[in-house]
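Heads up, the sequence shown is in my numbering, so the first residue is 357 and it goes up one at a time.
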Amino acid sequence: GGASQSDAICQISANIFNLPLVRGKTSETSGLGAAIVTAVGIGIHPTIPDAIQKMVTYARVFKPEPDYVDIYRNLYERVYKKIYHALEPIYREIREITGYPEKETY
357 GGASQSDAIC QISANIFNLP LVRGKTSETS GLGAAIVTAV GIGIHPTIPD AIQKMVTYAR
417 VFKPEPDYVD IYRNLYERVY KKIYHALEPI YREIREITGY PEKETY
């Protein structure tokens, strides 16, 4: 889809999660997923993993960049967590005003 076609977004995601991000060649992943399930359903491929291996091709791998991984980790640990907790009272007010339900716990 749209965001996955952006090199910048893919690289940032790889850096944030400190994992390689692999972009498929097709941007129509919903259609590809339907084709994979159909191929298994009509017996062209025996299993979903087999169909994926045969039908999915990859365009590019975005590898984490260590300097940026450290920046995002520090932003999360030293800034985001503080912001989140500081905004909790405001989130409660928004919930009171809008009637939005409480977060469910499982």
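Built from N, CA and C at the ideal position, the CB exists for glycine as well. Owing to the predicted nature of the structure, the values given are computational and were not obtained by experimental measurement.
Compute the distance between the beta-carbons of residue i and residue j, then report whether it is under 8 angstroms.
i    : j    : result
T403 : K381 : no
S386 : L377 : no
F418 : Q367 : yes
Enumerate in chain order the residues of its own chain whose CB-to-CB distance from residue i is below 6 angstroms, with the five nearest sequence positions on each side excluded.
i    : result
V425 : N371, N374
V396 : I404, A407
For residue i, I'd like the list of residues in its chain whose CB is within less than 7 angstroms of its CB, leaving aside the five on either flank, ordered along the chain.
i    : result
D406 : none
E444 : none
E460 : none
I392 : I404, A407, I408, M411
Using alpha carbons as the reference points, say which of the options lies closest to residue i.
i    : options          : result
I365 : P420, P445, E458 : P420
From the DSSP output, read off the bridge partner residues of residue i.
i    : result
L377 : F418
Can you list, in chain order, the residues of its chain whose CB lies under 8 angstroms from that of residue i, leaving out five sequence neighbours each side?
i    : result
L388 : G380, T382, M411, V412
For a cutoff of 8 angstroms on Cβ pairs, would you count residue i as touching chain E?
i    : result
I368 : Checking the listed chains, one finds no chain E in this structure; it contains a single protein chain.
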